[in-house]
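Student:
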Amino acid sequence: MEYLLIIFSLLIGALLLWKVPFPVMRRTASNDRNRKLSLIIPARNEEENLLRLLSSIEQQDDAIHEVIVVDDHSTDRTGNVAKSFGAKVICPGPLPEGWFGKSWACWNGANQATGDIFLFLDADTEMEAEGIVKILASFPGQDRVMAIHPYHTISAAYENLSGIFNLVTMMGIGGFHVLQKRIKPAGAFGQCLVCRKDDYFKVGGHEEIRGELLENMELGKRFLKLGYGIDCFGGKGTVSMRMYPEGVKELINGWKKSFASGADATNPFLLFLIIIWITGGVSVSLMLPQNFESLKVLFITASLYLLFAMEFFWMLRRAGNFSLWAAALFPVMLFFFVAVFIFSIFQTYFKRTVSWKDRSISVEKRKGG
Numbered sequence: 000m001e002y003l004l005i006i007f008s009l010l011i012g013a014l015l016l017w018k019v020p021f022p023v024m025r026r027t028a029s030n031d032r033n034r035k036l037s038l039i040i041p042a043r044n045e046e047e048n049l050l051r052l053l054s055s056i057e058q059q060d061d062a063i064h065e066v067i068v069v070d071d072h073s074t075d076r077t078g079n080v081a082k083s084f085g086a087k088v089i090c091p092g093p094l095p096e097g098w099f100g101k102s103w104a105c106w107n108g109a110n111q112a113t114g115d116i117f118l119f120l121d122a123d124t125e126m127e128a129e130g131i132v133k134i135l136a137s138f139p140g141q142d143r144v145m146a147i148h149p150y151h152t153i154s155a156a157y158e159n160l161s162g163i164f165n166l167v168t169m170m171g172i173g174g175f176h177v178l179q180k181r182i183k184p185a186g187a188f189g190q191c192l193v194c195r196k197d198d199y200f201k202v203g204g205h206e207e208i209r210g211e212l213l214e215n216m217e218l219g220k221r222f223l224k225l226g227y228g229i230d231c232f233g234g235k236g237t238v239s240m241r242m243y244p245e246g247v248k249e250l251i252n253g254w255k256k257s258f259a260s261g262a263d264a265t266n267p268f269l270l271f272l273i274i275i276w277i278t279g280g281v282s283v284s285l286m287l288p289q290n291f292e293s294l295k296v297l298f299i300t301a302s303l304y305l306l307f308a309m310e311f312f313w314m315l316r317r318a319g320n321f322s323l324w325a326a327a328l329f330p331v332m333l334f335f336f337v338a339v340f341i342f343s344i345f346q347t348y349f350k351r352t353v354s355w356k357d358r359s360i361s362v363e364k365r366k367g368g
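Here numbering that gives the first Met the number 0 is used: position 159 in the sequence shown is 158, and no number is missing along the way.
Right under this line is the structure:
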């Protein structure tokens, strides 16, 4: 029976990430060139990340109408770095009661933008060659929103620990599974979001979800509620990110900040399937060291372990340049994920505060809006 559960969970995993499209080049249409694209980058103490991001933006063609960096009360050289690249720098007023910092920054940037298309971009992302052109070519336009999960660039071994978090994020958003036509996405990715200016303000923008910790999920839900569609893409070849280069501690703090809240916002059916998939991986991880007495049982268990490792590698390479050994040692990633998720539950639902970017955030705030 346990073997059947593991095989079933393997199938579930494949179906949850059935199709991950990437933005692609096509013959440039005249309306692509006529679009005015405003890049809006919320930034708080991001001088090093901005150097990489703005350098990559400089390499794009003239498809960008303006680059707006919203300096969210940084204590480093964020504003100066942005100005050195010719970006328009906005310094919003003090964070109002009932707002979260990122939503406040995005809202201020949007109100100053003059383009007809908005691209909200996190400061720790980086545009790939011709990434902007690919985005514009793939953006469907009116009544649609484009959400891109950046390709995760791994530079240090410990960064592979983010693997399961990336996969669960992509599964949980509900934009890549086999039932896309029947089950709508749960929201949108926040690192790279594209929409028309008119549509953004029609749904109320970030002001409408100002008190939500997971602003990307709630803004996506707002679009869906008002009849807009969301098209999800993987970022390979278009936009990438390197997450938490500061070390393991920052990686843990970053993921535990909002992951329990993210599970709460996920479609219950998809969440159930994700739990089955994770349970299968944990089960085969625990079974392998216990089955050395019988050669036949060991062979079956080892074969299932190998199938899981192969599936992990197939999935991980769609999310980032995760290593082969990370997939081979997937139990390490799984148990790390479970541990951080438990911490996230405690911090979100018992301690009811999370910390990020030198700010202590009350989780109750998102319910009071």
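Cβ coordinates follow ideal geometry from the N, Cα and C atoms, glycine included.
#1: May I have the straight-line CA-CA distance separating E214 from G226, to the nearest angstrom?
#2: Could you check the C-alpha separation between M242 and F7 for me, to the nearest Å?
#3: With 16 other CB atoms within 10 Å as the buried threshold, where does E45 fall?
#4: Helix, strand or coil for R365 per DSSP?
#5: Could you name the residues of the same chain whose beta carbon sits closer than 7 Å to that of I274, not counting the 5 residues immediately before and after it, in chain order?
#6: Taking the straight line between their C-alpha atoms, what separation do you get for C231 and A187?
#7: Per DSSP, L333 is paired with what?
#8: In three-state terms, what does DSSP make of D197?
#9: So what's L9 in DSSP terms, helix, strand or just coil?
#10: Could you tell me which whole alpha helix (DSSP H) segments of length 4 or greater appear in the segment 83–147?
#11: Which same chain residues, not among the five before or five after A264, have their C-beta less than 7 Å away from its C-beta?
#12: In terms of residues, what are the limits of the alpha helix (DSSP H) holding I273?
#13: So what does DSSP say about E217, is it helix, strand or coil?
#14: Have a look at L118 and Q346 and give me their C-alpha separation to the nearest angstrom.
#15: How far does the alpha helix (DSSP H) with E57 in it reach, from first residue to last?
#16: Grab the span of the alpha helix (DSSP H) containing A389 for me, first residue to last.
#17: Just tell me which of Q289, N266, E1, S257 has its CA closest to the CA of S343.
#18: On the three-pair Cβ rule with 8 Å, is the segment 136–156 touching the segment 59–77?
#19: Taking contact to mean at least 3 C-beta pairs separated by less than 8 Å, is the segment 202–210 in contact with the segment 165–173?
#20: Quick check on F268: buried or exposed, where buried means 16 or more other Cβ atoms within 10 Å of its Cβ?
#21: Is E310 near the ligand ZN - that is, is its Cβ less than 7 Å away from at least one heavy atom of it?
#22: Taking D70 as part of the beta strand (DSSP E), name the residues at either end of that continuous run.
#23: What's the gap between the Cα of I341 and the Cα of S260?
#24: On the criterion of 16 or more Cβ atoms from any shown chain inside 10 Å, does G367 qualify as buried, or is it exposed?
#25: Compare the beta carbon distance of Q190 and M145 with 8 Å and say whether it is the shorter of the two.
#26: With DSSP as the reference, label M240 as helix, strand or coil.
#27: Helix, strand or coil for D263? Go by DSSP, reduced to three states.
#28: From the DSSP secondary-structure annotation, give me the bridge partner or partners of F312.
#29: Taking only the alpha-carbon atoms, compute the straight-line gap between R365 and E211 and give it to the nearest angstrom.
#30: Taking all protein chains shown into account, decide if W98 is buried (16 or more other Cβ within 10 angstroms of its Cβ) or exposed.
#31: Quick one: Cα of K224 to Cα of K183, how far?
#32: Given this structure, state the Cα-to-Cα distance separating M332 from R181, to the nearest angstrom.
#33: Which same chain residues end up closer than 6 Å to C90 when comparing Cβ atoms and leaving out the 5 residues on each side of it in sequence?
Tutor: A quick look at the data gives this:
#1: Here the question's residue 214 lines up with position 215 in the sequence shown. Here the question's residue 226 lines up with position 227 in the sequence shown. Rounded to the nearest angstrom, the two C-alpha atoms are 19 Å apart.
#2: Here residue 242 refers to the residue found at position 243 when the sequence shown is read from its first residue. Here residue 7 refers to the residue found at position 8 when the sequence shown is read from its first residue. For M242 and F7, the distance between alpha carbons rounds to 32 Å.
#3: For the purposes of this step, residue 45 is identified with residue 46 of the sequence shown, where counting begins at 1. E45 should be labelled buried.
#4: Residue 365 sits at position 366 when you count from the first residue of the sequence shown. Residue placement at R365 cannot be trusted, given a pLDDT of 46 that sits under 50; what the coordinates show is reported in the next sentence. In the structure shown, R365 sits in a helix (DSSP, three-state: H, G or I).
#5: Position 275 of the sequence shown, counted from the start, is the residue given in the question as residue 274. Within the same chain, I274 has no close Cβ partners at all.
#6: Position 232 of the sequence shown, counted from the first residue, corresponds to residue 231. Position 188 of the sequence shown, counted from the first residue, corresponds to residue 187. C231 and A187: Cα-Cα distance of roughly 8 Å.
#7: Position 334 of the sequence shown holds residue 333. Note: L333 sits in no beta bridge, so no partner.
#8: By one-based count along the sequence shown, residue 197 stands at place 198. Reduced to three states, the DSSP call for D197 is helix.
#9: Locating residue 9 in the sequence shown gives position 10, where the first residue counts as 1. It is helical.
#10: 100–111, 130–137
#11: By 1-based counting over the sequence shown, the position of residue 264 is 265. Closer than 7 Å at the Cβ level, and outside the excluded window around A264, lie A185, G186, L213, M216.
#12: Along the sequence shown, read from residue 1 onward, the residue named residue 273 stands at position 274. Run containing I273: 267–286, per the alpha helix (DSSP H) assignment.
#13: Counted from its first residue, the sequence shown places residue 217 at position 218. It is helical.
#14: Start at 1 with the first residue of the sequence shown, and residue 118 comes out as number 119. Start at 1 with the first residue of the sequence shown, and residue 346 comes out as number 347. Going from the Cα of L118 to the Cα of Q346 covers about 32 Å.
#15: As a first step, residue 57 must be located in the sequence shown, where it is residue number 58. Per DSSP, E57 belongs to the alpha helix (DSSP H) from 46–57.
#16: This structure gives no information on residue 389, because the portion of the chain shown stretches from 0 to 368.
#17: Residue mapping note: residue 343 aligns to position 344 of the sequence shown, counting from 1. Ranking Q289, N266, E1, S257 by Cα distance to S343 puts S257 first.
#18: no
#19: no
#20: The count along the sequence shown starts at 1 and reaches residue 268 at position 269. Classification of F268: exposed, given that the 10 Å Cβ count is below 16.
#21: Among the components modelled here there is no ligand, and therefore nothing to report on the ligand ZN.
#22: Against the sequence shown, residue 70 aligns to sequence position 71. Note, D70: beta strand (DSSP E), 63–70.
#23: Walking along the sequence shown from the start, residue 341 turns up at place 342. Walking along the sequence shown from the start, residue 260 turns up at place 261. Their backbone Cα atoms lie some 12 Å apart in a straight line.
#24: For this step, residue 367 is matched to residue 368 along the sequence shown. Confidence is the limiting factor: at G367 the pLDDT is only 39, short of 50, which leaves the residue's position unreliable and the question unanswerable from this model.
#25: The sequence position of residue 190 within the sequence shown is 191, counting from 1. The sequence position of residue 145 within the sequence shown is 146, counting from 1. No, the Cβ-Cβ distance between Q190 and M145 is not below 8 Å.
#26: For the purposes of this step, residue 240 is taken as residue 241 along the sequence shown, with counting starting at 1. M240 falls in the strand class under three-state DSSP.
#27: By one-based count along the sequence shown, residue 263 stands at place 264. In the structure shown, D263 sits in a helix (DSSP, three-state: H, G or I).
#28: Numbered from its first residue, the sequence shown carries residue 312 at position 313. Answer is none; F312 lacks a bridge partner.
#29: As a first step, residue 365 must be located in the sequence shown, where it is residue number 366. As a first step, residue 211 must be located in the sequence shown, where it is residue number 212. Residue placement at R365 cannot be trusted, given a pLDDT of 46 that sits under 50; what the coordinates show is reported in the next sentence. Roughly 4 Å separates the two Cα atoms.
#30: For the purposes of this step, residue 98 is taken as residue 99 along the sequence shown, with counting starting at 1. W98 should be labelled buried.
#31: Indexing the sequence shown from 1 puts residue 224 at position 225. Indexing the sequence shown from 1 puts residue 183 at position 184. Each residue's alpha carbon lies about 11 Å from the other.
#32: As a working note, residue 332 is residue 333 in the sequence shown. As a working note, residue 181 is residue 182 in the sequence shown. Those two C-alpha atoms are separated by around 31 Å.
#33: The count along the sequence shown starts at 1 and reaches residue 90 at position 91. Excluding sequence neighbours, C90 sits near D70.
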